[in-house]
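One structure below.
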Amino acid sequence: MIIGPDFIFIHVPKCAGSSFCRMMLKRHGLKETDDPHSTARDIPMELRESHFIFGFMRDPIKQAVSNFVYHTRSWQHRFNPEMTFENWCEWRWGGKDQDWASKWILDPHCLEYGHHMNIRPSAGFFCDEDGKCIATHIFRFEEMKESTKQLTATLELDCDLSDFHMLKTSGGDGPKPVVTDRCVELIKRAKLIDFILYEKTGRVPTNYSCPTVPEYAYARFD
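Residue numbering for the sequence shown follows our numbering, beginning at 101 and increasing consecutively.
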């Protein structure tokens with residue numbers, strides 16, 4: 101999360117948030133909070149009405165694939181590339197315990213982190229303690245160029261990301277994710293609200309509710 105003078109950026113994982121935050125730091129000197137994946141429920145009460153609250157959402161299947169690719173490639177020697185994307189989805193959303201994936205994920209820290217990080221819907225990042233969305237605007241990842249133009253005008257800050265390409269890992273090619281019907285079933289069951297919101301035409305709706313919990317970005321359903 102970035103708290104600016106009159107705006108707040110919510111960093112949803114795998115939605116260009118790292119690139120956006122690097123741009124804001126390098127170009128405008130604005131740093132993220134201590135927890136980069138703080139959510140709307142962490143915004144101080146006195147700022148919720150006065151600040152422009154925004155972030156990016158992404159097609160939920162593509163976001164899940166990006167999450168798999170990013171982590172498994174960055175883990176390198178601590179990861180067995182025989183783990184498929186379907187295995188990954190079963191482990192995270194199919195009711196498997198943390199140790200179920202230990203034959204592929206060889207580092208205990210990675211095993212714990214991978215089982216917990218970014219399990220819940222992206223929609224919840226924008227919701228308060230009561231589960232009500234308090235975002236002013238949710239931009240689409242797939243419309244980044246137009247979104248950053250709009251942000252430049254709204255924030256009166258240069259938000260162009262063309263010089264801040266998405267971060268790449270150094271872990272080589274890694275496993276090639278194959279999205280099966282089972283993958284879609286598991287992701288949709290866990291993140292149905294994201295599918296509903298993202299399938300709407302026009303701007304992403306903000307008049308919705310999604311249950312939240314403390315440390316939302318790292319909290320499992322179970």
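By construction, the Cβ of each residue, glycine as well, lies at the ideal position given by its N, Cα and C atoms.
Rounded to the nearest angstrom, what separates residue i and residue j at their Cα positions?
{"i": "Gly-117", "j": "Ile-296", "result": "22 Å"}
{"i": "Pro-221", "j": "Ile-287", "result": "9 Å"}
{"i": "Ile-205", "j": "Asp-134", "result": "27 Å"}
{"i": "Phe-109", "j": "Tyr-316", "result": "16 Å"}
{"i": "Leu-251", "j": "Trp-200", "result": "43 Å"}
{"i": "Leu-267", "j": "His-216", "result": "Unreliable placement is indicated for Leu-267, whose pLDDT of 48 sits below 50; the coordinate value is still reported in the next sentence. Their backbone Cα atoms lie some 22 Å apart in a straight line."}
{"i": "Gly-129", "j": "Glu-285", "result": "42 Å"}
{"i": "His-237", "j": "Pro-113", "result": "17 Å"}
{"i": "Phe-120", "j": "His-137", "result": "13 Å"}
{"i": "Gly-302", "j": "Lys-126", "result": "31 Å"}
{"i": "Arg-192", "j": "Leu-261", "result": "31 Å"}
{"i": "Gly-271", "j": "Met-183", "result": "Summary for Gly-271: the model assigns pLDDT 44, below 50, so the residue's position carries little reliability; its value from the coordinates is reported in the next sentence. Distance between the alpha carbons of Gly-271 and Met-183: 15 Å."}
{"i": "Trp-188", "j": "Ile-293", "result": "21 Å"}
{"i": "Phe-321", "j": "Glu-146", "result": "30 Å"}
{"i": "Pro-314", "j": "Glu-256", "result": "32 Å"}
Return the residue from the list the options that minimises the CA-CA distance to residue i.
{"i": "Glu-229", "options": "Ile-108, Met-123, Arg-148 and Ile-103", "result": "Arg-148"}
{"i": "Pro-311", "options": "Tyr-318, Ser-262 and Lys-232", "result": "Lys-232"}
{"i": "Phe-152", "options": "Asp-294, Thr-306 and Trp-193", "result": "Thr-306"}
{"i": "Phe-179", "options": "Leu-125, Leu-211, Glu-146 and Gly-104", "result": "Leu-211"}
{"i": "Ile-143", "options": "Thr-172, Trp-175 and Gly-104", "result": "Gly-104"}
{"i": "Lys-291", "options": "Gln-198, Phe-185 and Ala-223", "result": "Ala-223"}
{"i": "Ile-219", "options": "Gln-198, Ala-319 and His-111", "result": "Ala-319"}
{"i": "Gln-198", "options": "Phe-185, Gly-214 and Glu-186", "result": "Gly-214"}
{"i": "Ala-140", "options": "Asp-207, Phe-226, Leu-257 and Val-278", "result": "Phe-226"}
{"i": "Val-169", "options": "Glu-132, Phe-156, Phe-185 and Pro-160", "result": "Phe-185"}
For residue i, which residues of its own chain have a beta-carbon under 6 Å away from its beta-carbon, when the five flanking residues on both sides are left out?
{"i": "Arg-158", "result": "Cys-115 and Phe-241"}
{"i": "Ala-164", "result": "Ile-287"}
{"i": "Ser-309", "result": "Gly-231 and Lys-232"}
Got a sec? Which residues, its chain only, sit under 7 Å from residue i by beta carbon, not counting five neighbours each side?
{"i": "Met-244", "result": "Ala-116 and Leu-261"}
{"i": "Arg-122", "result": "Phe-264"}
Looking only at its own chain, which residues have a Cβ that is under 8 Å from the Cβ of residue i, when we skip the five neighbours before and after it?
{"i": "Phe-154", "result": "Phe-107, Ile-108, Phe-109, Ile-110, Ala-235, Thr-236, His-237, Ile-238, Phe-239 and Leu-251"}
Q: Counting only runs of 4+ residues fully inside the stretch 139 to 224, write out the alpha helix (DSSP H) ranges in chain order.
A: Annotation: the stretch 139 to 224 contains the following complete segments of the alpha helix (DSSP H) (minimum length 4 residues), in chain order: 160 to 175, 185 to 193 and 208 to 216.
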